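Residue numbers (our numbering), protein chains in the order written: chain A, 421 to 583; chain B, 421 to 583. Just so it is clear, CB atoms sit at the ideal spot from N, CA and C, and this is done for glycine as well. All values derive from a computational prediction rather than experimental measurement. Scroll down for the structure; my scribbles are underneath it.
Protein chains: 2
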Amino acid sequence: MSLKTKFIFKPIGIIHSPYKEPSGTPIQTIYSDNAIATVEIFDEFTEGLDDIEKFSHIYLIYVFDRSHRFELKIKPFLDNKTHGVFTTRAPNRPNPIGLSIVRLINRKKNILTIKEIDIFDKTPLLDIKPFIPFWDNRMKVKTGWLTEKMKKTKKYFSDNRFK
Amino acid sequence: MSLKTKFIFKPIGIIHSPYKEPSGTPIQTIYSDNAIATVEIFDEFTEGLDDIEKFSHIYLIYVFDRSHRFELKIKPFLDNKTHGVFTTRAPNRPNPIGLSIVRLINRKKNILTIKEIDIFDKTPLLDIKPFIPFWDNRMKVKTGWLTEKMKKTKKYFSDNRFK
């Protein structure tokens, strides 16, 4: 394997969201208002959703499809100093893959209704995984440059810096 | 966008792990023993790691590159009944993308030493993101079919069912 290896992924669905542009979009799902989004799963994958309505929280793995460049040192939303891109959640990354933990409200056939979202409208979805607190919560964690920023900032929304 | 849309990702590095095969590999990072792995980031991306050593936990997003098929209803490790693949973490998924929260021990240039791993040797890495408890922990969660299984099972390790 080398840098030249390529992996090809195809969307399993589309996320339909009220957030149409960076400005005003929450930077993390916990900063979301009461906005509702829907996840449309393509028909051929619907069977893979069986019993998902019994889960309240799911990971969505998706493509930052409006990201077309990246820098290794960037100014993330929460700071005006540069940081290594892998210490941030910025969308402009070497592989523009997004990860969000969202709340599942209900399911009707191939449509999931979700809340607690930070995702743009028409985002291509790659995968869904169940969120399991016993596996996924961590308590004693060091959070680097974000530690102080999380205490002080009120800046919860995106701007246009990654356009 | 449709099913025919393709997204191409290239590895940013390789995960070197003592787990060479499914048998004996933990099914989630919390079941890991004291095994140590290293993440080798390709030189061209090393700058993106700046200050990552100040974080104790990171998400790794990677390719289940030994998965070459999928089924929408599968028997996951923790059950002998079938479940929708999107309610499981099974490696055989429409897009074989893996997600692990691991503990970062140290960094030397482009090499990260990590613990709490559930990843095969020579796995292609796509992305690293910081784990931030305030953003990523969830407390009141419904976990569907996994709820009862988590209480009763002692089966923490992989077998060959997804080979």
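**Pick from A:Y479, A:P544, A:D556 that is closest to L524 of chain A, judged by C-alpha positions** = The alpha carbon of L524 of chain A has as its nearest neighbour, out of A:Y479, A:P544, A:D556, the alpha carbon of A:Y479.
**Contact set between E467 of chain B and chain A, taken where Cβ atoms lie within less than 8 Å** = By Cβ distance, chain A contributes L492, K493, G504.
**DSSP beta-bridge partners of V459 of chain A** = Answer is A:I435, A:L532.
**Request:** Have a look at A:T543, A:I461, A:H503, A:L519 and flag the residue whose alpha-carbon is nearest the alpha-carbon of F551 of chain B.
**Result:** The residue with the shortest Cα to Cα distance from F551 of chain B is A:L519.
**Request:** Mind listing the chain D neighbours of S476 of chain B? Cutoff is C-beta to C-beta under 7 Å, in chain order.
**Result:** Although the question refers to chain D, the structure presented lacks it and instead comprises the protein chains A and B.
**Prompt:** Closest to P511 of chain A by CA distance: which of A:D463, A:I539, A:N454 is it?
**Reply:** The alpha carbon of P511 of chain A has as its nearest neighbour, out of A:D463, A:I539, A:N454, the alpha carbon of A:I539.
**Asked** Do N557 of chain A and N557 of chain B have their C-beta atoms within less than 9 Å of each other?
**Response** Their beta carbons are under 9 Å apart, which means N557 of chain A touches N557 of chain B by this criterion.
**Request:** Sort out for me which residues DSSP pairs Y482 of chain A with in a bridge.
**Result:** For Y482 of chain A, the beta-bridge partners assigned by DSSP are A:G518, A:L545.
**Item:** Residue range of the beta strand (DSSP E) that includes F427 of chain B
**Value:** Note, F427 of chain B: beta strand (DSSP E), 427-429.
**Message:** I believe V522 of chain A touches T445 of chain A by the beta-carbon criterion, under 8 Å. Please report the beta-carbon distance rounded to the nearest angstrom.
**Reply:** Actually they are not in contact, since the Cβ atoms of V522 of chain A and T445 of chain A sit about 14 Å apart, beyond 8 Å.
**Message:** Under 9 Å, Cβ to Cβ, is there at least one residue of chain A near P544 of chain B?
**Reply:** Yes, P544 of chain B counts as interfacial toward chain A.
**Request:** Less than 8 Å between the CB atoms is what I'm expecting for I494 of chain A and S578 of chain A, so what's the real figure, rounded?
**Result:** Between S578 of chain A and I494 of chain A the Cβ distance is about 14 Å, and since that is not below 8 Å, they are no contact.
**Message:** Taking its Cβ as the centre, do 16 or more other Cβ atoms sit within 10 Å of S437 of chain B, making it buried, or is it exposed?
**Reply:** With 16 or more Cβ atoms within 10 Å of its Cβ, S437 of chain B is classed as buried.
**Request:** Could you round the C-beta distance between P431 of chain A and L546 of chain A to whole angstroms and report it? I think they count as a contact, below 8 Å.
**Result:** Correct: roughly 7 Å between the Cβ atoms.
**Prompt:** F554 of chain B by DSSP, collapsed to three states: which one?
**Reply:** DSSP places F554 of chain B in helix when its eight states are reduced to three.
**Message:** Strictly below 7 Å CB to CB, what residues from chain B border L480 of chain A?
**Reply:** What L480 of chain A touches in chain B: nothing, since even the nearest Cβ is about 10 Å away.
**Message:** Considering only their Cβ atoms, is the gap separating F506 of chain B from I435 of chain A smaller than 9 Å?
**Reply:** The answer is no: Cβ separation not under 9 Å.
**Prompt:** Once you ignore the five residues that flank N526 of chain A on each side, which residues in its own chain have a CB closer than 7 Å to its CB?
**Reply:** Same-chain partners within the cutoff: E473, T533.
**Asked** If we cut at 9 Å on Cβ distances, does K440 of chain B have a partner in chain A?
**Response** It does not; no Cβ of chain A falls within 9 Å.
**Proximity winner among B:K560, B:T508, B:S487, B:G504, relative to E441 of chain B (alpha-carbon distances)** = Closest by C-alpha distance to E441 of chain B, out of B:K560, B:T508, B:S487, B:G504, is B:S487.
**Request:** Please report the Cβ distance between L492 of chain A and F465 of chain B, rounded to the nearest whole angstrom; I am assuming they are in contact, meaning their Cβ atoms lie under 8 Å.
**Result:** That pair is a contact at about 7 Å.
**Request:** Tell me, please, which residues DSSP counts as bridged to N512 of chain B.
**Result:** DSSP, once it has assigned bridges, lists no residue as partnering N512 of chain B.
**Asked** Is it buried or exposed for P426 of chain B, if we count other Cβ within 10 angstroms and need 16 for buried?
**Response** The sequence given here has Lys at residue 426 of chain B, not Pro. Exposed.
**Request:** Please list, in chain order, all residues of the same chain as N580 of chain A whose beta carbon is under 7 Å from its beta carbon, the five residues on each side excluded.
**Result:** The residues are P442, S443.
**Request:** Helix, strand or coil for I494 of chain B, going by three-state DSSP, please let me know.
**Result:** In the structure shown, I494 of chain B sits in a strand (DSSP, three-state: E or B).
**Prompt:** When burial is assigned at 16 or more other CB atoms within 10 Å of the CB, is E568 of chain A buried or exposed?
**Reply:** Only exposed fits E568 of chain A, as fewer than 16 other CB atoms lie within 10 angstroms of its CB.
**Message:** Using only CA atoms, which one of B:P544, B:H503, B:S452 lies nearest to F462 of chain B?
**Reply:** Answer by Cα proximity: B:P544.
**Item:** Short Cβ contact (9 Å threshold) for S452 of chain B with I537 of chain B
**Value:** Against a cut-off of 9 Å, the Cβ pair of I537 of chain B and S452 of chain B comes out as a contact.
**Message:** Is the beta carbon of G468 of chain A closer than 9 Å to that of P514 of chain B?
**Reply:** Contact check for P514 of chain B against G468 of chain A passes: the beta carbons are separated by less than 9 Å.
**Prompt:** Going by alpha carbons, who is nearest to D499 of chain A out of A:M421, A:K424, A:S422, A:M570?
**Reply:** Considering only alpha carbons, the answer is A:M570.
**Asked** According to DSSP, which residues form a beta bridge with H477 of chain B?
**Response** Note: H477 of chain B sits in a beta bridge opposite B:R523.
**Asked** From F484 of chain A to I481 of chain B, what distance separates their C-alpha atoms?
**Response** Separation of F484 of chain A and I481 of chain B (C-alpha to C-alpha, rounded to the nearest whole angstrom) is 14 Å.
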